[in-house]
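Peer 1:
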Amino acid sequence: MIEITARSRRARNIPGRLSRALPCRGGRCKVALSLPLARKHLVLNPRLTSPPKVAISITGACTLSCRHCYGDCGREPHPSELGIEEWRAAIAKLAADGVISLHIEGGEPLLKPGFLDLLGEASRSMFTMLRTHGTLIDAAMAQALRDRGVGRVLVDVMGATAGTHEWFTGVPGSFAASVDAVRNLVACGIATDVLVILTRQNAPEIQDILELAAGLGAERVGVLRLYPLGRAKRIWSEIALPLAEQMRTIAALKPPAGLGLMQSWHPNNHNCCWQSAAVMADGDIVGCPYLREYVSHGNLRSTSLLEAWQTAPVWQTLRAGAVERSCPDCSASEGSHGGCRSTAYAWHGRWTAPDPFDPILNDGVDVSLLPDRLLPA
Amino acid sequence: MTVWMSAFSPTDCFRLEPGTRLRPVPELGHCLAYTPARPALHRLNPSAWLLAELADGSTLSAIAAEYGQAMTELGGDPALSEVEAGLTSLIELGIIGRVDMAAQEGG
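Listed below in structure tokens is the structure:
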């Protein structure tokens, strides 16, 4: 148990780890919301004894038919999925093991029977984030999410127009429904972000997505890289951009005043494996959702996430941050090394390989083409 | 000369707001604080972390003394104004609150 439950009555009883961590010799006493200095000068990735943050894919069921879907989701949940009671027990265990932030995605999480009650339970002890396509979030659902204590909602869009968005989702009306969801969530006072996966089709519309999100009252837009997972592999050459075009798209963005822009291209390409912990809908522990096709560190039905964290060899290797080469700019800005392990492994087949999505580490790899071994049969 | 105008009385008491959860991350030298009443996750630097730990119903005087002792052991020289500023920040974020002694005594 990591949490401090007994309050110290005298300074000499302050837990040793806190006393050791106190840097403020004459320093100012204030709440810091930025990265601590310690993370700016790391040589190796930080090593956590247990994960504070976990992502779960609670179901593979979805009402959309996205041609790029990483989870190859369908209308019905897969029979191997954890049931809601299994999730309830697992989430209680996560909280007891020190997890304080829970990111919930799918499929579409709102399709999981019993989801709202589970969200309410989780939100009592953990900051909860919900990633959704939003088409099920009308005004009443937004209010229900707020009442359950959700911390932040992230709504996926795939374009700034219905034509582009629905080319991906395959469902007429889904664009308007996702836009309405952002509007409803903001109206309820829920912190809301818009997410978009950068593709050939929507690259010309990313600035318009920023404008749209700002107009709707979203706090941030996250522009995400495209990963060679699930159905995205089948149409990779049709939707993937060369790295130079990705970089040009990101560099040209001008976020409207008040809107945050999140992006992880150079010089913000990070290797977040050191803190990543994720569980898929069937209970598979994968470290990161983007590693779902490459690793399994165990299954929640037979082990706890904390036990897997402490014992799974590949997970320990990934978290250590041992890489062949690192981009100095990204290391300085992110405090981690080598860039994303998922794309590094996808293209090179080595956990220690450089990330080809970083121009400093690219080595001439054309990321708009999949390596042969990832091509669908 | 700057005069510190205290917002608190030495006998004011402070404690974590109901439901607030602290999750130390000593490997990174900070503590995460979750405030379910106003859903947010905050990263506390060690000074703020220490104040949150000391806010167990103690008075400002006791917190300042314990904080000062800890800082002194580490070679620092904290002013009362820094303690009060830190407590004010923690209150604004909904992590701690002032104990309503009248309500407690009443019942």
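First to last, the sequence lines map onto chains F and U.
For what it's worth, this note's numbering labels the leading residue of the first sequence as 1, then goes sequentially.
For what it's worth, this note's numbering labels the leading residue of the second sequence as 1001, then goes sequentially.
C-beta atoms are modelled at their ideal positions from N, C-alpha and C, and glycine is treated no differently.
Quantities reported herein were computed from a predicted structural model and do not represent experimental measurements.
#1: What does E1027 (chain U) touch in chain F if you count any residue whose Cβ is under 8 Å from its own?
#2: Going by DSSP, which residues form a beta bridge with I104 (chain F)?
#3: Since R1098 (chain U) meets chain F, which of its residues come closer than 8 Å, beta carbon to beta carbon?
#4: Round the Cβ separation of G149 (chain F) and P1036 (chain U) to the nearest angstrom and send it over; I've been treating them as touching at under 8 Å.
#5: At 3 residues or longer, what runs of the beta strand (DSSP E) sit wholly inside the region 160 to 223 of chain F?
#6: Are the CB atoms of I91 (chain F) and M129 (chain F) nearer to each other than 8 Å?
#7: Would DSSP call M158 (chain F) helix, strand or coil?
#8: Counting only C-beta atoms, is G106 (chain F) closer than 8 Å to chain U at any point?
#9: Among F:K233, F:P354, F:T317 and F:W315, which has the Cα closest to the Cα of C327 (chain F)?
#10: Is S276 (chain F) close to chain U, meaning its C-beta is less than 8 Å from at least one C-beta of that chain?
#11: Can you pull the DSSP bridge partners for V153 (chain F)?
#12: Can you pull the chain U residues whose beta carbon is under 8 Å from the beta carbon of F127 (chain F), in chain order?
#13: What are the boundary residues of the beta strand (DSSP E) that includes A232 (chain F)?
#14: How is Y345 (chain F) classed by DSSP in three states: helix, strand or coil?
#15: Work out the CA separation of L94 (chain F) and G120 (chain F) for me, nearest whole Å.
#16: What does DSSP give as the partner residues of V323 (chain F) in its beta bridges?
#17: Residues of the region 1008 to 1023 of chain U in Cβ contact with chain F at a cutoff of 8 Å, in chain order, please.
#18: Tell me whether R1043 (chain U) sits in a helix, a strand or coil according to DSSP, three-state version.
#19: Could you pull the start and end residues of the alpha helix (DSSP H) that I91 (chain F) belongs to?
#20: Report the option in F:H266, F:P172 and F:P113 whose CA atom is closest to the CA atom of G83 (chain F).
#21: Can you check whether the C-beta of I2 (chain F) is within less than 8 Å of a C-beta belonging to chain U?
#22: How many Å lie between L136 (chain F) and E205 (chain F) at the Cα?
#23: Just to confirm the assignment, what range does the beta strand (DSSP E) spanning S1061 (chain U) have?
#24: State the DSSP-derived secondary structure class of V1025 (chain U), mapped to helix, strand or coil.
#25: In three-state DSSP terms, what is V43 (chain F)?
#26: Tell me which residues share the same chain as S276 (chain F) and place their Cβ nearer than 7 Å to its Cβ, disregarding the 5 neighbours each side in the sequence.
#27: In chain order, what residues of the region 91 to 121 of chain F put their CB closer than 7 Å to some CB of chain U?
#28: Whole angstroms are fine: how far does the CA of W351 (chain F) sit from the CA of A312 (chain F)?
#29: Tell me whether S125 (chain F) is buried or exposed, calling it buried when 16 or more other Cβ atoms sit within 10 Å of its Cβ.
#30: Let me check one thing: in DSSP terms, what residues is H1030 (chain U) bridge-paired to?
#31: Taking the continuous alpha helix (DSSP H) assigned at Q143 (chain F), which residues delimit it?
#32: Helix or strand or just coil, what does DSSP make of G335 (chain F)?
#33: Apart from the five residues just before and just after L37 (chain F), which ones in its own chain have a Cβ nearer than 7 Å to its Cβ?
#34: Cα separation between S50 (chain F) and R319 (chain F)?
#35: Report all residues from its chain with a CB closer than 7 Å to the CB of S65 (chain F); omit the five preceding and five following residues, and keep chain order.
#36: Quick one: list the residues of chain U neighbouring S123 (chain F), beta-carbon separation under 7 Å, in chain order.
Peer 2: For this structure:
#1: Simply P46, R47, L48 and T49.
#2: Residue pairing from DSSP places I104 (chain F) in a beta bridge opposite F:I56 and F:L130.
#3: Within 8 Å Cβ-Cβ: nothing; R1098 (chain U) doesn't reach chain F, min ~16 Å.
#4: About 6 Å separates the two Cβ atoms, so the contact holds.
#5: Within the region 160 to 223 of chain F, the complete beta strand (DSSP E) runs of at least 3 residues are 192 to 197.
#6: No; because the gap between Cβ atoms is not below 8 Å, this pair is not in contact.
#7: M158 (chain F): coil per DSSP, three-state reduction.
#8: It does not: the Cβ of G106 (chain F) has no partner Cβ on chain U nearer than 8 Å.
#9: Ranking F:K233, F:P354, F:T317 and F:W315 by Cα distance to C327 (chain F) puts F:P354 first.
#10: Closer than 8 Å: no.
#11: In DSSP, V153 (chain F) forms a bridge with F:L130 and F:T192.
#12: By Cβ distance, chain U contributes Y1034, P1039, A1040 and L1041.
#13: Premise fails: A232 (chain F) is in no beta strand (DSSP E) and is neither H nor E.
#14: DSSP places Y345 (chain F) within a helical segment (H, G or I) once states are collapsed to three.
#15: For the pair G120 (chain F) and L94 (chain F), the Cα-to-Cα distance works out to about 15 Å.
#16: Paired residues: none, contrary to the question.
#17: Residues are counted here when their Cβ sits less than 8 Å from a Cβ of chain F; for the region 1008 to 1023 of chain U these are G1019, R1021, L1022 and R1023, given in chain order.
#18: Of the three classes helix, strand and coil, the one that applies to R1043 (chain U) here is strand, per DSSP.
#19: In this chain, the alpha helix (DSSP H) harbouring I91 (chain F) covers I84 to A96.
#20: Ranking F:H266, F:P172 and F:P113 by Cα distance to G83 (chain F) puts F:P113 first.
#21: Bear in mind that a pLDDT of 29 at I2 (chain F), under 50, signals an unreliable position, so the model cannot answer this.
#22: Distance between the alpha carbons of L136 (chain F) and E205 (chain F): 24 Å.
#23: First-last for S1061 (chain U): L1060 to E1073, but that is the alpha helix (DSSP H), not the beta strand (DSSP E).
#24: V1025 (chain U) sits in a strand when the DSSP states are folded into three classes.
#25: Here V43 (chain F) scores only 48 on pLDDT, less than 50, and its place in the model should not be relied on; the value that follows carries that caveat. For V43 (chain F), the secondary structure class from DSSP, reduced to helix, strand or coil, is coil.
#26: Counting only Cβ-Cβ distances below 7 Å, and skipping sequence neighbours, we find G287 and C288.
#27: Across the region 91 to 121 of chain F, CB contacts with chain U closer than 7 Å involve G98, I100 and S101, in sequence order along the chain.
#28: For A312 (chain F) and W351 (chain F), the distance between alpha carbons rounds to 15 Å.
#29: It counts as buried.
#30: BP columns for H1030 (chain U) point to U:V1025.
#31: Start and end: A139 to D147.
#32: Reduced to three states, the DSSP call for G335 (chain F) is coil.
#33: No answer about L37 (chain F) holds up, because its pLDDT of 33 lies below 50 and its placement is not dependable.
#34: About 11 Å.
#35: Closer than 7 Å at the Cβ level, and outside the excluded window around S65 (chain F), lie T169, G170 and V171.
#36: The CB of S123 (chain F) comes closer than 7 Å to the CB of P1036 and P1039 in chain U, given here in chain order.
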